[in-house]
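*Asks:* Here it is: the structure, laid out below.
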Amino acid sequence: MTQPSNEPIAGEGASPPGAEPPPTPRPAPWWAWGLLGFLSAANLLAAVDRGLFAALIGPLGRELDLWDDQADWLEALPLVAAALWAPMLGYFVDHTRRARILALGIAVFGLASVGVGLATSFEPLQRARALVGAGTATFGVAALTLVMDVFPRTVRARALALYFLAGPVGMALALNLGPAVASVATWQTAFLAAGAPALALALVALMLPDPVRGVSEGVAIARLREHEAAGASAEGYIDLMVNSSFTYAVFGLTFTAFAIGGLDAWLPTFLVGVRGLPEALAARTAATLAPAAAAVGLLVGAWAADLWGRREPRSYFLVAALAAWLALPCWLATALGPTRPWQYGALFATVALLFAGLGPCFAIVAAAAAPNMRGVACGATVAVAHLLGVAWAPRLLQWGAEVFGQPDAMATPFGRILAALGAVPRSVGGRPPENVAAAFLFAAPTLAAAGFVLLAGARHLPRESALMLANLRAAPARRPGAAARAASPPKP
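Take a look at the structure:
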């Protein structure tokens, strides 16, 4: 089915005059919450693997004699691999039974985690880390489309937030328990213990139901099966990539993801170098306060968007934009404010607001993309947010910290402004001086940009979501081979 997004329609931001009202969403089936629980459990294991590598890179790097650049690359590699694989994977998600894709993805990242534990040098470790990213993307894209399909738009942001909630919970478990396991046994044991349960989950995934795509939209099941059998056309995918709601949501999310990636990588160093915390306390703060704040932000942002969405269809954009703008002063207060107890509150608010838009933004993706192309939509979102946001933020912040850690840079007019704001170089852990507070300022403009981009997208969502539903109600355009597929019996 095609999905035009730029035709002139009367009443910008509204449905066409005389158009049918949107169909009443179909309630989630009784097994939907069990499915969500399973997907969240698998996402938890993937997050544990990510957190373990960050927590154990010290002993791992010393034993395998890794250079700093190699360690940094191995941390970023899963994000890069996931971003490169996700768009292609999304096409298979749109055309294949998703339970099999889920099982494959879970098995791959589980085996790859075991491979990390068995690695004895950089090369096998690099291959294992790349497979971690590919497996996580394989599972993640399929999981997102399932959540979008089985939960109606009235609760979709909250369901997505509950799925994403496994991320901070898994990170907290890994950052707190990983070093403890490594101290009692070895770092290899921690990775083996994290990867083994994924193999059991992969077997369970094969038995999961694969609902008809778009089942929660309230459209007749027979019509949904027609669209599913016909598949999306090349023109439909092209139209999706220029769909205003989709593109604004993706780039707004990417700007926010840049700040999240930078904060995640540099928070312990910031707490030690700028706030003067002992390394052990800084590690505990990063492992507890930040995940707790992320969890609160996910739940509150999604709840607010769904609740407001009953009256205002633009709420998903508006909540995400407001969260990004509110995060900006909190970010600046965290980076530049004096070292006082209230700084913990500023940090908590910053992290919570950064994550508040995640559920609403993916709910926008679901509202803009037809059900038979949500795999590609989610894959493209993951690719852009990873490549342009999370993956390169730590490197850019490192460059800023190093450059403005030098006396000649601080002697420039801009350097003197930074010093007046309190962003001065400090030496952490015997390393050359770094200006971590100045590095944090590099991410501040991305939060302002995220707010503007998301606000600009708000006016398009009512029209484009109504257009998607109208196209879903209509008969799909037949393409060669589609009639034969439609006549085949439904998949189990």
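For the sequence shown, the residue numbers in the numbering used here are -6 to 485.
Where a beta carbon is used, it is the ideal one built from N, C-alpha and C, also for glycine.
(1) Measure the Cβ-Cβ separation of Gly163 and Asn36 and say whether it is below 9 angstroms.
(2) Skipping 5 residues on each side, what residues in its chain have a beta carbon closer than 7 angstroms to that of Phe355?
(3) Would you mind sorting Val235 into buried or exposed? The rule is 16 or more other CB atoms within 10 Å of its CB.
(4) What is the residue span of the alpha helix (DSSP H) that Gln63 lies within?
(5) How big is the Cα-Cα spacing for Ala326 and Val177?
(6) Could you tell me the alpha carbon to alpha carbon distance between Phe115 and Val101, rounded to whole angstroms?
(7) Within 10 angstroms of the Cβ of Met403, are there 16 or more other Cβ atoms? Answer buried if so, exposed if not.
(8) Using 8 angstroms as the threshold, is the segment 340 to 350 in touch with the segment 283 to 292, meaning 3 or more CB pairs across them?
(9) Taking 6 angstroms as the limit between beta carbons, can you name the residues of its chain near Phe433, skipping five residues before and five after?
(10) Can you tell me which residues form a DSSP beta bridge with Glu427?
(11) Where does Ser226 sit, in a helix, a strand or coil, going by DSSP?
(12) For Asp42, does the count of other Cβ atoms within 10 angstroms reach 16, so buried, or fall short, so exposed?
(13) Output needed for Phe144: all residues of its chain with C-beta closer than 7 angstroms, excluding positions within five of it in sequence on either side, in chain order.
(14) Would you kindly check if the distance between the Cβ of Val383 and the Cβ of Ala191 is under 9 angstroms?
(15) Using a 10 Å radius around the Cβ and a threshold of 16 neighbouring Cβ atoms, would you call Phe407 buried or exposed?
(16) Does Asp299 pass the burial test, meaning 16 or more other C-beta atoms within 10 Å, or should it be called exposed?
(17) Please classify Glu5 as buried or exposed, where buried requires at least 16 other C-beta atoms within 10 Å of its C-beta.
(18) So the candidates are Leu246, Cys371, Ala362; which of them puts its Cα closest to the Cα of Phe310?
(19) Give the single residue among Ala413, Gln399, Ala370 whose Cα lies nearest to the Cα of Arg419.
(20) With a cut-off of 8 angstroms on the beta carbons, I'd call Ala437 and Ala416 a contact; round off their distance for me.
(21) Is it true that the CB of Gly423 sits closer than 9 angstroms to the CB of Tyr241?
(22) Could you give the residue range of the alpha helix (DSSP H) that holds Met366?
(23) Given a threshold of 16 other Cβ atoms within 10 Å of its Cβ, counted over all protein chains shown, does His220 qualify as buried or as exposed?
(24) Could you tell me the alpha carbon to alpha carbon distance between Tyr230 and Ala75, rounded to whole angstroms?
(25) How is Ala96 classed by DSSP in three states: helix, strand or coil?
(26) Here's a check: name, in chain order, each residue in its chain whose Cβ is nearer than 8 angstroms to the Cβ of Thr113, leaving out the five neighbours to either side.
*Replies:* To lay it out plainly:
(1) Yes; because the gap between Cβ atoms is below 9 angstroms, this pair is in contact.
(2) Leu137, Leu153
(3) exposed
(4) 61 to 88
(5) Cα-Cα distance, rounded: 39 angstroms.
(6) 19 angstroms
(7) The residue is buried, with at least 16 neighbouring Cβ atoms inside 10 Å.
(8) yes
(9) Ala328
(10) Note: Glu427 sits in a beta bridge opposite Arg419.
(11) Of the three classes helix, strand and coil, the one that applies to Ser226 here is coil, per DSSP.
(12) buried
(13) Ala21, Ala25, Ala152, Ser209
(14) No, the Cβ-Cβ distance between Ala191 and Val383 is not below 9 angstroms.
(15) exposed
(16) buried
(17) Residue placement at Glu5 cannot be trusted, given a pLDDT of 44 that sits under 50; the coordinates are not used to answer.
(18) Leu246
(19) Gln399
(20) Not a contact, Cβ separation roughly 11 angstroms.
(21) no
(22) Note, Met366: premise wrong, no alpha helix (DSSP H); not H, not E.
(23) With 16 or more neighbouring CB atoms inside 10 Å of its own CB, His220 falls in the buried class.
(24) 20 angstroms
(25) helix
(26) Leu57
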